[in-house]
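J.:
2 protein chains.
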Amino acid sequence: MLTERQLLVLQVIIDEFIQTAQPVGSRSISKKGEVTFSSATIRNEMADLEEMGLIEKTHSSSGRVPSEKGYRFYVDHLLSPFRLSNKEIHSIQETFRDQMLEFERVVQKSAGILSDLTNYTSIILGPEVFETKLKQLQIVPLTPQTAVAILVTNTGHVEHRAFNIPQEIEANDLEKMVNILNDRLYGVPLVQLHEKIFNEVGDLLKTHTRNYEQAFQYLQAALLNEQPAKLYVGGKTNILMQPEFKDLEKVRSLYAMMEKESEIVHLLRSEHPGIHVKIGHENEVDAMQDCSLITASYALGDDQIGTIALLGPTRMEYNRVIKLMNVLSSEMTDTFKSWYQGE
Amino acid sequence: MLTERQLLVLQVIIDEFIQTAQPVGSRSISKKGEVTFSSATIRNEMADLEEMGLIEKTHSSSGRVPSEKGYRFYVDHLLSPFRLSNKEIHSIQETFRDQMLEFERVVQKSAGILSDLTNYTSIILGPEVFETKLKQLQIVPLTPQTAVAILVTNTGHVEHRAFNIPQEIEANDLEKMVNILNDRLYGVPLVQLHEKIFNEVGDLLKTHTRNYEQAFQYLQAALLNEQPAKLYVGGKTNILMQPEFKDLEKVRSLYAMMEKESEIVHLLRSEHPGIHVKIGHENEVDAMQDCSLITASYALGDDQIGTIALLGPTRMEYNRVIKLMNVLSSEMTDTFKSWYQGE
DNA sequence: TTTAGCACTCAACAGACAAGAGTGCTAACA
DNA sequence: TGTTAGCACTCTTGTCTGTTGAGTGCTAAA
Numbered sequence: 001m002l003t004e005r006q007l008l009v010l011q012v013i014i015d016e017f018i019q020t021a022q023p024v025g026s027r028s029i030s031k032k033g034e035v036t037f038s039s040a041t042i043r044n045e046m047a048d049l050e051e052m053g054l055i056e057k058t059h060s061s062s063g064r065v066p067s068e069k070g071y072r073f074y075v076d077h078l079l080s081p082f083r084l085s086n087k088e089i090h091s092i093q094e095t096f097r098d099q100m101l102e103f104e105r106v107v108q109k110s111a112g113i114l115s116d117l118t119n120y121t122s123i124i125l126g127p128e129v130f131e132t133k134l135k136q137l138q139i140v141p142l143t144p145q146t147a148v149a150i151l152v153t154n155t156g157h158v159e160h161r162a163f164n165i166p167q168e169i170e171a172n173d174l175e176k177m178v179n180i181l182n183d184r185l186y187g188v189p190l191v192q193l194h195e196k197i198f199n200e201v202g203d204l205l206k207t208h209t210r211n212y213e214q215a216f217q218y219l220q221a222a223l224l225n226e227q228p229a230k231l232y233v234g235g236k237t238n239i240l241m242q243p244e245f246k247d248l249e250k251v252r253s254l255y256a257m258m259e260k261e262s263e264i265v266h267l268l269r270s271e272h273p274g275i276h277v278k279i280g281h282e283n284e285v286d287a288m289q290d291c292s293l294i295t296a297s298y299a300l301g302d303d304q305i306g307t308i309a310l311l312g313p314t315r316m317e318y319n320r321v322i323k324l325m326n327v328l329s330s331e332m333t334d335t336f337k338s339w340y341q342g343e
Numbered sequence: 001m002l003t004e005r006q007l008l009v010l011q012v013i014i015d016e017f018i019q020t021a022q023p024v025g026s027r028s029i030s031k032k033g034e035v036t037f038s039s040a041t042i043r044n045e046m047a048d049l050e051e052m053g054l055i056e057k058t059h060s061s062s063g064r065v066p067s068e069k070g071y072r073f074y075v076d077h078l079l080s081p082f083r084l085s086n087k088e089i090h091s092i093q094e095t096f097r098d099q100m101l102e103f104e105r106v107v108q109k110s111a112g113i114l115s116d117l118t119n120y121t122s123i124i125l126g127p128e129v130f131e132t133k134l135k136q137l138q139i140v141p142l143t144p145q146t147a148v149a150i151l152v153t154n155t156g157h158v159e160h161r162a163f164n165i166p167q168e169i170e171a172n173d174l175e176k177m178v179n180i181l182n183d184r185l186y187g188v189p190l191v192q193l194h195e196k197i198f199n200e201v202g203d204l205l206k207t208h209t210r211n212y213e214q215a216f217q218y219l220q221a222a223l224l225n226e227q228p229a230k231l232y233v234g235g236k237t238n239i240l241m242q243p244e245f246k247d248l249e250k251v252r253s254l255y256a257m258m259e260k261e262s263e264i265v266h267l268l269r270s271e272h273p274g275i276h277v278k279i280g281h282e283n284e285v286d287a288m289q290d291c292s293l294i295t296a297s298y299a300l301g302d303d304q305i306g307t308i309a310l311l312g313p314t315r316m317e318y319n320r321v322i323k324l325m326n327v328l329s330s331e332m333t334d335t336f337k338s339w340y341q342g343e
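Same order as they appear, the protein sequences are chains C and E. Numbering (the UniProt record's numbering) for the first sequence: 1 to 343. Numbering (the UniProt record's numbering) for the second sequence: 1 to 343.
Pasting the structure below:
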């Protein structure tokens, strides 16, 4: 167990290091206002803290630097409640004030403001579309051979996909089919679309349209094939400003990772609701072992979940950032809720 | 005017430097197969070339490096016709083989393949939507207060925008309005939509719908407000691999520039049809003064123009890259043309 | 228990030096 | 007259050395 004084010393070291990115020495600690002991005393405490693995030296006679374990302890026990400045609060409210009616815009803007306010890189996983419900399905013919299928959900989300009309199918049949589908599938969550069609609508379709098989396959390929969750990234270049990334090799591997969207989607999707902090090697991805990743979730309507994340060096302003993400995620949730209330 | 031999020396220097990124010395040139003179002779020629400003030294006793003027000369006069390898041709054809029916996919894939094959950064300016024609306009109500407006063009392009329905307007009116618009505006190029509505359709609408003014304003805001040209960027991280960008500061400014989409759109849009090469300071943007930008245009149907661009260091494989962009732009043009033929 | 003092360690910086690559110039050669 | 061999010179790069300063650990005194 840590003594009061050790807690204080640890706190000062981490706070200081987060500010300056420089190893902090005993003397500079002793000169701090809230510290009343001599540098020698502090050296003793530091030796103890080091023994516990909470801080490290970069070389035998350097000042101390927080270890990952130290950051973990800091995040778990030493986080002081943080007050955002008026300016920050203002700029968030400003962002959400103007009416935005589409997910994309809300999410995009949120990513922007988050990275701007933190100088880290924000990554937002767009809302899962699974639970959103079908509002309308439509097919607009472009040429005799091609058409575009459009799908609108109750959240205002629009998916579209162009496809070839197979020769065996007449425009007539296609239209009938769409009518039936609209009739039967209104309000069905997208995630159930597949089974619903097979179990309930399939037979009906067969009786009404010739060449049901082909037509249906095409439609399915056009619409249900892929709904890749979208990533919104803000402040990608902020990483370059951090002194820990003056090594190009690190930047390279980190950027390479960020280009693999599917991996990131997977990473973020697996998080549970609430705020989570992953420090350094707690991240499984190799390229992120010098980084911390903070994730928070936002809700949409009942339980729909998207994730907002912030990527920075392990030396992160945890308290500020966590506060910020709290505010933002609830702001997003509120915005979405307000849409639902009108329904 | 340059002698045969000077041309040869210049060619070898630039070819060599493009390969190695190292200053090339007289001795290494003399050892080349196609060169038959001694290093001393070459030194004399190099002195002349330097006097003409075509090559430079990095310091008083270093090998030579092409100057921007040298690259310019190289591009204008020394470009040997380049044969793509079978592998490259194959991978391009492969990309365009599978049926893609949407601009986005074609352009996206093109950007990908271009950056993959060159190891530079590709930037493609999506096709201008101005000349594309309205196919269908539609409004899907989401809640009593909100709806999403969808616009489909003859190219299969889909724009959508959610908006608030003002209380004064009844769903009925909105529907009427859409019907009228669809009826009258079918096949009208998007760029003419504005005036067409004002001049021809406005009166008709007024007589049929109450609260025409508001309804119309809303619809207009929803659909016509912005159609920002989309940028598709591929291989952003390739820049990091280039030895000339081991200086973080350069990378930073370059990346910062690339985040300003509007600026790039402006830059690319101003190009005339055909292939253009801008070397170093020929680029007006500060951050690009160590880069070369190669642009080519692609056509869509008659005269619609989009731009594909490639950003790399001035030390670029010009002949290969130019060939590649030629192939790609015509491949894109062909793809789009095939869509039109079916119409 | 705390602190002053001191010897020790190490990174960072600067200067010195050698090696190597490449040049310009001169003089000799075809 | 054009070409080339030879040589002195220049500049970068890497290595080594010594110095400085920040910071530590330990000991002994308060």
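All C-beta atoms, glycine included, are put in the ideal place defined by N, C-alpha and C. Bear in mind the structure is a predicted one, so any value in this text is a computation, not a measurement.
Thinking I275(E) and T314(E) are a contact (beta carbons under 8 angstroms), I'd like their distance in whole angstroms, please.
T.: One-based indexing of the second sequence puts residue 275(E) at position 275. One-based indexing of the second sequence puts residue 314(E) at position 314. That belief does not hold up - the Cβ atoms of I275(E) and T314(E) are roughly 17 angstroms apart, past 8 angstroms.
J.: On the CB-based measure, 16 or more other CB atoms within 10 Å of its CB, does E343(E) come out buried or exposed?
T.: Position 343 of the second sequence, counting from 1, holds the residue named residue 343(E). Note that E343(E) scores 49 on pLDDT, short of 50, meaning its location in the model is unreliable; the coordinates nonetheless yield the value given after this. The residue in question, E343(E), is exposed, as its Cβ has fewer than 16 Cβ neighbours within 10 Å.
J.: Against chain C, with Cβ distances strictly below 8 angstroms, would G244(E) count as a contact?
T.: Here residue 244(E) refers to the residue found at position 244 of the second sequence. Sequence check: residue 244(E) is Glu here, not Gly. No, no contact with chain C.
J.: Of all Cβ atoms in chain C, is any one closer than 8 angstroms to the Cβ of V148(E)?
T.: Translated into positions along the second sequence, residue 148(E) becomes position 148. Yes, V148(E) lies at the interface with chain C (some Cβ there is under 8 angstroms from its Cβ).
J.: How long is the line joining the alpha carbons of S80(C) and N319(C), rounded to whole angstroms?
T.: Indexing the first sequence from 1 puts residue 80(C) at position 80. Indexing the first sequence from 1 puts residue 319(C) at position 319. S80(C) and N319(C): Cα-Cα distance of roughly 7 angstroms.
J.: Taking 8 angstroms as the cut-off, decide whether the C-beta atoms of V233(C) and A111(C) are in contact.
T.: Counting from 1 along the first sequence, the entry for residue 233(C) is found at position 233. Counting from 1 along the first sequence, the entry for residue 111(C) is found at position 111. Yes, they are a contact pair.
J.: Along chain C, in chain order, which residues have C-beta atoms closer than 9 angstroms to that of Y255(E)?
T.: The residue given as residue 255(E) occupies position 255 in the second sequence. Within chain C, the residues near Y255(E) are K236, T237, L240.
J.: Which of helix, strand or coil does DSSP assign to N164(E)?
T.: Position 164 of the second sequence, counted from the first residue, corresponds to residue 164(E). If DSSP states are grouped into helix, strand and coil, N164(E) belongs with the strands.
J.: Rounded to the nearest angstrom, what separates E170(C) and I150(C) at their Cα positions?
T.: Your numbering for residue 170(C) matches position 170 in the first sequence. Your numbering for residue 150(C) matches position 150 in the first sequence. Straight-line Cα distance between these residues: approximately 19 angstroms.
J.: Using a Cβ distance threshold of 8 angstroms, determine whether the segment 23-38 of chain E contacts the segment 63-74 of chain E, with at least three qualifying pairs required.
T.: yes
J.: At a Cβ threshold of 8 angstroms, is Q99(C) touching chain E?
T.: The residue labelled residue 99(C) in the question sits at position 99 within the first sequence. Yes, because at least one Cβ of chain E sits closer than 8 angstroms to the Cβ of Q99(C).
J.: Check this for me: beta carbons of V158(C) and H160(E), under 8 angstroms apart or not?
T.: Translated into the one-based positions of the first sequence, residue 158(C) becomes position 158. Translated into the one-based positions of the second sequence, residue 160(E) becomes position 160. A contact, by the Cβ cut-off of 8 angstroms.
J.: Judging by CA-CA distance, which residue of Y71(C), L248(C), N154(C) is the nearest neighbour of E102(C)?
T.: Numbered from its first residue, the first sequence carries residue 102(C) at position 102. Selected option, being the one with the closest Cα: N154(C).
J.: When DSSP labels each residue in this structure, what does G112(C) get in the three-state scheme?
T.: Position 112 of the first sequence, counted from the first residue, corresponds to residue 112(C). Three-state DSSP puts G112(C) in a helix.
J.: Could you tell me whether the segment 135-144 of chain E touches the segment 325-332 of chain E, using the rule of 3 or more Cβ pairs below 8 angstroms?
T.: no
J.: At a threshold of 7 angstroms, does K250(E) count as lining the ligand GTP (C-beta to nearest heavy atom)?
T.: With respect to the ligand GTP, the structure shown offers nothing to examine, as it has no ligands at all.
J.: Taking the alpha helix (DSSP H) that L240(E) falls in, what are its first and last residues?
T.: Taking the second sequence and counting its residues from 1, one reaches residue 240(E) at position 240. Its alpha helix (DSSP H) spans residues 238-241.
J.: Does the pairing of the segment 292-311 of chain E with the segment 111-126 of chain E give three or more beta-carbon distances under 8 angstroms?
T.: yes
J.: Go through its chain and collect everything with a Cβ distance to P243(E)'s Cβ below 7 angstroms, but skip five positions before and after it.
T.: As a position in the second sequence, residue 243(E) is number 243, starting the count at 1. So the qualifying residues of the chain are A21.
J.: Would you kindly work out how many angstroms separate the C-alpha atoms of T118(C) and L142(C), rounded to a whole number?
T.: By one-based count along the first sequence, residue 118(C) stands at place 118. By one-based count along the first sequence, residue 142(C) stands at place 142. Cα to Cα, T118(C) sits roughly 46 angstroms from L142(C).
J.: Since T146(E) is in the beta strand (DSSP E), which residue starts that stretch and which ends it?
T.: The residue labelled residue 146(E) in the question sits at position 146 within the second sequence. Here the beta strand (DSSP E) through T146(E) covers 146-153.
J.: Nearest chain E C-beta to A111(C) closer than 8 angstroms, yes or no?
T.: Reading the first sequence from its first residue, position 111 is the one you call residue 111(C). It does not: the Cβ of A111(C) has no partner Cβ on chain E nearer than 8 angstroms.
J.: Can you tell me which of V148(C), V251(C), M316(C), L231(C) puts its alpha carbon nearest to the alpha carbon of T237(E)?
T.: As a working note, residue 237(E) is residue 237 in the second sequence. It is V251(C) whose Cα lies nearest to the Cα of T237(E).
J.: Between G306(C) and P127(C), is the Cβ-Cβ spacing less than 8 angstroms?
T.: Residue mapping note: residue 306(C) aligns to position 306 of the first sequence, counting from 1. Residue mapping note: residue 127(C) aligns to position 127 of the first sequence, counting from 1. Yes, these two residues count as a Cβ contact at 8 angstroms.
J.: Identify the contact partners of F163(C) in chain E, using a Cβ-Cβ distance below 8 angstroms as the criterion.
T.: Indexing the first sequence from 1 puts residue 163(C) at position 163. The contacting residues are L101.
J.: What's the C-alpha gap between T335(E) and I239(E)?
T.: Here residue 335(E) corresponds to residue number 335 of the second sequence, with the count starting at 1. Here residue 239(E) corresponds to residue number 239 of the second sequence, with the count starting at 1. Cα to Cα, T335(E) sits roughly 29 angstroms from I239(E).
J.: Kindly say whether K135(C), judged by its beta-carbon, lies nearer than 8 angstroms to any beta-carbon of chain E.
T.: As a working note, residue 135(C) is residue 135 in the first sequence. At least one chain E Cβ lies under 8 angstroms of K135(C).
J.: Report the option in K337(E), T333(E), M332(E), V321(E) whose CA atom is closest to the CA atom of E88(E).
T.: In the second sequence, the residue the question calls residue 88(E) occupies position 88. The option with the nearest alpha carbon to E88(E) is V321(E).
J.: Determine the direct distance from the alpha carbon of I308(E) to that of V265(E), and round the result to whole angstroms.
T.: The sequence position of residue 265(E) within the second sequence is 265, counting from 1. The sequence position of residue 308(E) within the second sequence is 308, counting from 1. Rounded to the nearest angstrom, the two C-alpha atoms are 11 angstroms apart.
J.: Mapping DSSP to helix, strand and coil, what is Y186(E)?
T.: Position 186 of the second sequence, counted from the start, is the residue given in the question as residue 186(E). Y186(E) falls in the coil class under three-state DSSP.
J.: Would a check of beta-carbon distances place N319(C) closer than 8 angstroms to chain E?
T.: Counting from 1 along the first sequence, the entry for residue 319(C) is found at position 319. No, N319(C) does not count as interfacial toward chain E.
J.: The beta strand (DSSP E) that contains G234(C), what's its start and end?
T.: In the first sequence, the residue the question calls residue 234(C) occupies position 234. Looking at the DSSP string, the run of the beta strand (DSSP E) that includes G234(C) is 231-234.
J.: Using a C-beta cutoff of 8 angstroms, does R184(C) count as contacting chain E?
T.: Translated into the one-based positions of the first sequence, residue 184(C) becomes position 184. Output row for R184(C): interface = no.
J.: So R5(E) contacts chain C; which residues on that side make the cut at Cβ distance below 8 angstroms?
T.: Stepping through the second sequence from its first residue, residue 5(E) is reached at position 5. Simply none; closest approach about 40 angstroms.
J.: Taking the Cβ atom as the reference point for each residue, do A287(C) and L254(C) lie within a distance shorter than 8 angstroms?
T.: Translated into the one-based positions of the first sequence, residue 287(C) becomes position 287. Translated into the one-based positions of the first sequence, residue 254(C) becomes position 254. Yes, the pair counts as a contact, with Cβ atoms nearer than the cut-off.
J.: Along chain C, which residues have their Cβ under 7 angstroms away from the Cβ of V152(E)?
T.: Numbered from 1 along the second sequence, position 152 holds the residue referred to as residue 152(E). Correct list: V140, V148.
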